[in-house]
Structure formats: structure tokens, C-alpha cells
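Here is the structure we will look at, set down as C-alpha cells.
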Amino acid sequence: KTLEDWKKIEEKYLEEDEIKPLLKELFRRPSTYRTALLAEFMSLNGCRIGEAVSLEPENRDFETKILQLHGTYDHTEGYRNGEKTTPKTNASYRETIMTTREMEIIQEMEIIQELEFMNELEKNTNPRYKDMGYIFTTKNGVPMQTNSFNLALKKANERLEKPIQKNLTSHIFRHTLVSRLAENNVPLKAIMDRVAHADAKTTIQIYTHVTKKMKSNVADIMENY
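Going by the UniProt record's numbering, the first residue of the sequence shown is number 1, and it counts up by one from there.
The structure is reproduced here in C-alpha cells:
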């Protein structure tokens, strides 16, 4: 592969020194706090944004740590009139074991929503509020929109001391998990089971790239031994 090919693959995921300041900046502002929670969740779980925003409380079990990814969000009629639909491929039907941090993020989102729901019952200050029963929602109770999410990423990136020179979209967090798992010697099959096979080409590209990079790093270390 040429250097150009390598760069193209590296643009699909974030390195540790890129994701940390980006998340920190998103968490810093109340207006992008939910964006930060969703971004971090996807970087830990490897799910797509459509799968994440269609998650409902019954899809998670804090005792068994199982998270069911059984749908995506169809917003062709607009987010307020959207609905959960079945995913396109069987591989997209899957269960993942949640990390402690994933469970914390879900719990935090549920607490935020509960407070908003109670606030609406008491004061009725937000006429646009609609409780749709999903976990990752805006302050209006509607699932978070992909376009708004991507825009928040780009704006947060512009505020960084060292902006990331990559196209930031929701996909990058899913791919970041692939690179992290590859770096930690997790077998390709296990990674593909985690993120679903629908994205196989990109997953294999990132996995191959990261493992090759690790091998060349070993060679460099031995050269200087």
C-alpha cells in the first residue's frame, strides 16, 4: 500500500491523543454534553448512531450487563415522527456485554431524562417536549439527530488547540473501537462480532493497518536494540 492509502485508513479512526481532547471539549459545554455521552458510548460499544439512538431502557440489563442492539431509527418522516425499525442485516441483530462506563453513560442519560420529564409535568416550560421512550435524546425528548451530532463534532474540533485533521462524523467512533481492539490483540472475528459484519471492509482495513503498524514498531524497536 502507498503512503496515501495508509493515510486514508488512518483518517477513519481517532488515535488516543485525538479522542481525549475532543471528548473533553464536548463535555465542557452544557450544550454538547449529550453529544459527548453519545460519542463516548459509541467509541466503547462500536454501534452505529442509528442503533444507539433507537436504544430503549428495555434493551439494557445492568445485572447481566447485556445490551441488545435490535434496531435502527427511521427518521424519513422527521425525527419527531420517526420510529424504531429492524436493521437491514441479520448480523446487525446482536447483543454486546457493556463495560462499566457504558452502563454509567446510559444511567446518566436516563437520570437527565427523568429530571426533564418531572420538570415538564410540574412547569410545562417546553411545549416541544415529547417523551418518546429512547435513551439518547435531545432536551426535547426526541432521538439525537445525526446531522446535529456531526455538526457539534466539527464545531468542537475547531475550538481545540490542535484541531484533528480528519472528517469527523459519527462513524469515526465505531472505527476507533476497531483500532483500539486491534491494538490490544483482539482477534478480527471477535471485533467483527462486536461491531457487526455489515461494515466488514472498513473493519478489515483498519484491523490490517493497525496490526501491520504494530509489527513495524516492533521492527523499529529491535533495530535500535
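Every residue gets a Cβ at the ideal spot worked out from N, C-alpha and C, and that includes glycine.
Beta-carbon within less than 7 Å of residue i's beta-carbon, same chain only, minus the 5 sequence neighbours each way: which residues are those?
| i | result |
| --- | --- |
| THR211 | ALA182 |
| SER148 | none |
| ILE221 | none |
| GLU83 | ASP74 |
| LYS130 | ARG80, ASN140, GLY141 and VAL142 |
| LEU37 | ILE105, GLU108 and MET109 |
| ALA156 | LEU22, GLU25, LEU26 and THR32 |
| HIS175 | LYS12, TYR13, THR202 and ILE206 |
| THR86 | GLY71 |
| ARG128 | ASN140 |
Grouping DSSP H, G and I as helix and E and B as strand, with all else coil, what is residue i?
| i | result |
| --- | --- |
| ARG29 | coil |
| GLU18 | helix |
| GLU4 | helix |
| ILE164 | coil |
| THR125 | coil |
| THR176 | helix |
| THR138 | coil |
| ARG48 | coil |
| VAL186 | coil |
| residue 230 | Missing from the structure shown is residue 230; the chain here goes from 1 to 225 and no further. |
| SER54 | coil |
| MET132 | coil |
| ALA196 | coil |
Please report the distance separating the alpha-carbon of residue i from that of residue j.
| i | j | result |
| --- | --- | --- |
| VAL178 | THR100 | 19 Å |
| GLY141 | LEU23 | 23 Å |
| GLU108 | ALA219 | 44 Å |
| ILE111 | GLU56 | 14 Å |
| LYS7 | MET42 | 23 Å |
| GLY71 | ILE19 | 27 Å |
| LYS65 | PHE136 | 18 Å |
| THR208 | GLU4 | 16 Å |
| ASP61 | VAL53 | 17 Å |
| SER170 | ASN124 | 33 Å |
| MET214 | MET118 | 51 Å |
| ASN224 | SER216 | 13 Å |
| MET94 | PRO30 | Residue identity check: residue 94 is Arg in the sequence provided, not Met. Roughly 33 Å separates the two Cα atoms. |
Can you tell me which residues form a DSSP beta bridge with residue i?
| i | result |
| --- | --- |
| GLN68 | GLU95 |
| LYS201 | According to DSSP, LYS201 bridges with nothing at all. |
| LYS84 | TYR73 |
| ASP61 | ILE66 |
| PRO143 | THR137 |
Tell me which residues share the same chain as residue i and place their Cβ nearer than 6 Å to its Cβ, disregarding the 5 neighbours each side in the sequence.
| i | result |
| --- | --- |
| LEU188 | TYR207 |
| ASN59 | GLN68 |
| GLU51 | LEU69 and THR72 |
| GLU161 | none |
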